[in-house]
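A.B. asks: This is the structure I have questions about; it appears just below.
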Amino acid sequence: MHIEITKRLSCLLISILILHPQLQAQHSHTYGRTQPLPQLQKQLQNASDDSTKAYLLNEISWAYHVRNLDSAAYYANAALTLARQINYPSAEGRAINLQAVIAYIRQYPVKSSALNHEVLKIGKAIQDSFLITAACNDLSSYHSVNGNLDSSFIYLNESRAYLKSSDTLAKVFVLSNLAILQEKLGYTEDAADHFEKTIALGQNSQDTVAKIVAAISEADWHLMHDKPLKAIASLQKGYNYALHSNNQYHQLLLSRYLAFLNKLQGRSEQAYQFYQKTLQESWSKRYHRIYHSILFDYVNFLREEEDYASILQLYQTHKPLIPQMELETKVAFFNAVADAYLHEQQFEAAAWLKDNILHLQDSLLNLDRQRTIAELQYKFKLESEVVENKLLKLEYEASRLELAQKNSWLTAAIASLLFAASLLFALYYFYSQKKQHNEQLEKEVEARTAQLKKSNTKLRLANQELEKSNEELERFAFITSHDMKEPLRNINSFSTLLDRRMQSIGYQDEQSREFLAFITRGARQLHTLVEDVLFYSRIRQGYDPEYQDIQLEERWAGIREQLSILLNEKNATVELFSSGTCRGPAPVIDILIKNLVENGVKYNTAAIPLITIRQGEKDQHYWISVEDNGIGIPTEFQEKVFNMFFRMHDRGTYQGTGLGLAIVRRLTDYIGGTITLQSEENKGSVFTIRWPKEKTQSGINH
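Sequential numbering of the sequence shown, starting at 259, is according to my numbering.
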């Protein structure tokens, strides 16, 4: 058990190292010692020079990283753009470092490592100790987590070389992590020495954060030597430091781990108190990331304790917050509540939750796949850049050799004029030199040509492998979707037959019939999802991209027949405004209009849903817009709604598979077009699709 505790606490120390590079930079702005967020925002409004604005944008991003990652990313991107515009490399490096931190938290370690390498390059170019130390610390932590202890040790020593003697906090960070690495590598005596120095530095420091990190390091040391109660005492000491200095972030972080350690030691009452306190304070103080983590731990704790009454009470108080929860937290929460409902024999509620859990787990699996694909693509991009740089270097070498050859000819000509008396000797000498030089040059060119061919072959094979992988993924989606439809039809058919048989024999158990209805509805939903997935996988090969004349009124007549049931049920009204005939791939345009109209009617609470379809042209593009008076889409979701399986609401509120807008985006890309969205929450949405007037070779994305 103590091994698992040690692993968790080591991850805590690594996370503090990555997320708290509070080091002194070699310029007038000091990064990392974050002021309150409202104070930073006010300073940004009053800032007069761009360098201060770039610094404050970075600090605001830093303040947001423990609250809202989307906001943190927004301010880091703004700081990076401004820093590059005004040529402010220190702020540029800090912004990229923040992007690396955000990528690491979002579980994109390869991207995070690549970004920190950029930071290290900038830091060394301008000799900025803050950027160098921050990047080396983060890279050391990345390699440590991935088991590359030797690489981690190298980066940590490089970070140590750039430390300032006056920066106690940075020393505590580096020494504590150095001790952890040495313990893992088996250098026990050196590890003990560095742990003692870490604790002494923290105790004698006036910096409260240094005291807190030293206390965590002391706890880690105790756990490595199987002394969990002493580890709890050390964490409690760190918690008291945070409490007395009003350091809210570290209070919440340490409180969470005190709850975790007390739970593992069987001290349920103490664990319960820490969980309750941390959950309430993390939400009230708007530390949303810690709130999601502690809620995840707390519901699992209550589930292990079989405290079903507390689980149901927690469910009632947190119902309004469920849409904002992370997927992992939702799954843990719903599992605990479902167990509680089963214990209370509320089977219908438990069945509803289990159905939602299945969909959430599908979303989690899809998210993991997207992360894996993104990391592979990013890794492939980096490897391609390495190959390209090598090719450029070879081209430079060939140009340099060619220039050297030209210079040798010029030197020979000048020498022949200046030393006319020794003309014959000079001609013989340069002839022999030229011959040797050409032979050597030919050998080098042949060698480099072979290397270029080899590099090009590897690059071509890599591209072929990537195309083959994409084709196999599409084929897999098609086969899987196709094979699932038959058993789903059987489930639906036999459920209906069973319901009829029960009616015919007079079986009146309403609960059993209700369970059958759940099965039938679930099968239909899954069948619809399979149909959409199959449609999505066949987009690239299922439609004729050839252009033809399009009359909006004629196309809508056919689309309306397909949507007649939905339009009549919702009492919806559709208005058309066309500027004349346009040209394009008509079957694709039909599907785009159908999906957008269907989306606008489904997600609509108006008594009379109103859909307005407009068509026109501008410059070299045609366009069609679909406007609705529906529930609207908040700004933070306006990009995510085009992702596969993304839903802002559960299926109990609005029906759908989460693929409609993803299909629209992919079809738009397929015809070489673009789609934009304008929307406000509760004020409707306007989707606008543009495509080129003339179909080109690159216009259809096969």
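All C-beta atoms in this analysis are idealised placements derived from N, C-alpha and C, irrespective of residue type, glycine included.
Tell me, which residues are paired with aspartate 807 by DSSP?
C.D. replies: According to DSSP, aspartate 807 bridges with Arg841.
A.B. asks: Roughly how many angstroms separate the alpha carbons of glutamine 464 and leucine 397, rounded to a whole number?
C.D. replies: Distance between the alpha carbons of glutamine 464 and leucine 397: 28 Å.
A.B. asks: Can you find the residues in the same chain that come closer than 8 Å, C-beta to C-beta, to isoleucine 777, ignoring five residues on each side of it along the sequence?
C.D. replies: Cβ within range, chain order: Ile749 and Ser753.
A.B. asks: If you draw a straight line from the alpha carbon of leucine 521 to that of alanine 477, how long is it in whole angstroms?
C.D. replies: According to the sequence shown, residue 521 is lysine rather than leucine. Cα to Cα, the separation comes out at about 16 Å.
A.B. asks: Less than 7 Å between the C-beta atoms of valine 859 and isoleucine 871, yes or no?
C.D. replies: For valine 859 and isoleucine 871, no; Cβs fall outside 7 Å.
A.B. asks: Would you identify the three-state DSSP class for lysine 898, choosing helix, strand or coil?
C.D. replies: Of the three classes helix, strand and coil, the one that applies to lysine 898 here is helix, per DSSP.
A.B. asks: So, helix, strand or coil for lysine 876, using DSSP?
C.D. replies: Strand.
A.B. asks: Just reading off the beta strand (DSSP E) that isoleucine 891 is part of, what are its end residues?
C.D. replies: From DSSP, isoleucine 891 is part of no beta strand (DSSP E); its letter is neither H nor E.
A.B. asks: Cutting at 7 Å between CB atoms, please list the residues of its own chain near glutamine 619, excluding the five before and the five after it.
C.D. replies: Answer for glutamine 619: Val589, listed in chain order.
A.B. asks: Under the rule that 16 or more other beta-carbon atoms within 10 Å means buried, what is lysine 429, buried or exposed?
C.D. replies: Per the 10 Å Cβ criterion, buried.
A.B. asks: Report back the beta-carbon spacing between leucine 560 and threonine 536 to the nearest angstrom; my notes put them in contact at under 8 Å.
C.D. replies: About 14 Å separates the two Cβ atoms, so there is no contact after all.
A.B. asks: Round the Cβ separation of alanine 321 and leucine 298 to the nearest angstrom and send it over; I've been treating them as touching at under 8 Å.
C.D. replies: About 6 Å; that satisfies the 8 Å criterion.
A.B. asks: What does glutamine 936 pair with, by DSSP beta-bridge criteria?
C.D. replies: Val944, per the DSSP bridge assignment.
A.B. asks: Could you check the C-alpha separation between lysine 382 and leucine 414 for me, to the nearest Å?
C.D. replies: Those two C-alpha atoms are separated by around 16 Å.
A.B. asks: Give me the Cα-Cα distance between isoleucine 438 and tyrosine 599, rounded to the nearest whole angstrom.
C.D. replies: Going from the Cα of isoleucine 438 to the Cα of tyrosine 599 covers about 45 Å.
A.B. asks: For lysine 953, name the three-state secondary structure that DSSP assigns.
C.D. replies: Lysine 953 falls in the coil class under three-state DSSP.
A.B. asks: Going by beta-carbon coordinates alone, are glutamine 963 and leucine 834 separated by less than 7 Å?
C.D. replies: Nothing in the structure corresponds to residue 963, since the chain is present only between 259 and 960.
A.B. asks: Just to check my reading of the structure: alanine 361 and leucine 373 have Cβ atoms closer than 8 Å, yes? What is that Cβ distance to the nearest angstrom?
C.D. replies: Rounded, the Cβ-Cβ distance is 6 Å, consistent with contact.
A.B. asks: Just verifying my parser: in three-state terms, what is the DSSP assignment at leucine 868?
C.D. replies: Here leucine 868 sits in strand by DSSP.
A.B. asks: Measure from the alpha carbon of methionine 906 to the alpha carbon of each residue in Ile580, Arg718 and Asn316, then state which is nearest.
C.D. replies: The candidate whose alpha carbon is nearest that of methionine 906 is Ile580.
A.B. asks: Along the chain, where does the beta strand (DSSP E) that runs through threonine 831 open and close?
C.D. replies: Where threonine 831 is concerned, the enclosing beta strand (DSSP E) stretches over 831-836.
A.B. asks: Quick one: any contact between the stretch 758-773 and the stretch 804-816, if contact means 3 or more CB pairs under 8 Å?
C.D. replies: Verdict: no, contact absent.
A.B. asks: Could you name the residues of the same chain whose beta carbon sits closer than 8 Å to that of isoleucine 851, not counting the 5 residues immediately before and after it, in chain order?
C.D. replies: Cβ neighbours of isoleucine 851 beyond the five flanking positions: Arg813, Trp814, Ile817, Ile871, Ile882 and Val884.
A.B. asks: When the Cα of isoleucine 552 is compared with those of Thr587, Glu563, Glu527 and Glu562, which residue comes out closest?
C.D. replies: Nearest of Thr587, Glu563, Glu527 and Glu562 to isoleucine 552, Cα basis: Thr587.
A.B. asks: Got a sec? Which residues, its chain only, sit under 6 Å from serine 956 by beta carbon, not counting five neighbours each side?
C.D. replies: Confidence at serine 956 is low in this model, with a pLDDT of 41, below 50, so its placement is unreliable and the value that follows should be read with caution. Closer than 6 Å at the Cβ level, and outside the excluded window around serine 956, lies no residue.
A.B. asks: Helix, strand or coil, according to DSSP, for glutamate 584 in the structure here?
C.D. replies: The answer is coil: DSSP assigns glutamate 584 none of H, G, I, E or B.
A.B. asks: So the alpha helix (DSSP H) glutamine 574 belongs to, where does it begin and stop?
C.D. replies: That run of the alpha helix (DSSP H) goes 566-576.
A.B. asks: Evaluate glycine 916 with the Cβ neighbour count: other Cβ atoms within 10 Å of its Cβ, from every protein chain shown; 16 or more gives buried, anything less gives exposed.
C.D. replies: Answer is buried; the Cβ neighbour count reaches 16.
A.B. asks: Can the beta-carbon of tyrosine 573 be found closer than 7 Å to that of valine 595?
C.D. replies: Yes.
A.B. asks: Classify glutamine 635 as buried or exposed, calling it buried when 16 or more other Cβ atoms lie within 10 Å of its own Cβ.
C.D. replies: That one is exposed.
A.B. asks: If we count the other Cβ atoms within 10 Å of its Cβ and call it buried at 16 or more, is alanine 458 buried or exposed?
C.D. replies: Looking at its Cβ environment, which holds fewer than 16 other Cβ atoms inside 10 Å, alanine 458 is exposed.
A.B. asks: Provide the residue span of the alpha helix (DSSP H) that contains histidine 546, from first to last.
C.D. replies: From DSSP, the alpha helix (DSSP H) with histidine 546 extends over 546-563.
A.B. asks: I'd like the span of the alpha helix (DSSP H) that includes asparagine 316, first residue to last.
C.D. replies: Per DSSP, asparagine 316 belongs to the alpha helix (DSSP H) from 308-322.
A.B. asks: Under 7 Å, do leucine 427 and alanine 468 count as touching if we go by C-beta distance?
C.D. replies: Going by C-beta atoms, leucine 427 is nearer than 7 Å to alanine 468.
A.B. asks: When DSSP builds the beta bridges, which residues end up paired with glutamate 885?
C.D. replies: Its beta-bridge partners are Thr870 and Val944.
A.B. asks: My output table needs one value for isoleucine 344: the three-state DSSP class, helix, strand or coil.
C.D. replies: In the structure shown, isoleucine 344 sits in coil (DSSP, three-state: anything other than H, G, I, E or B).
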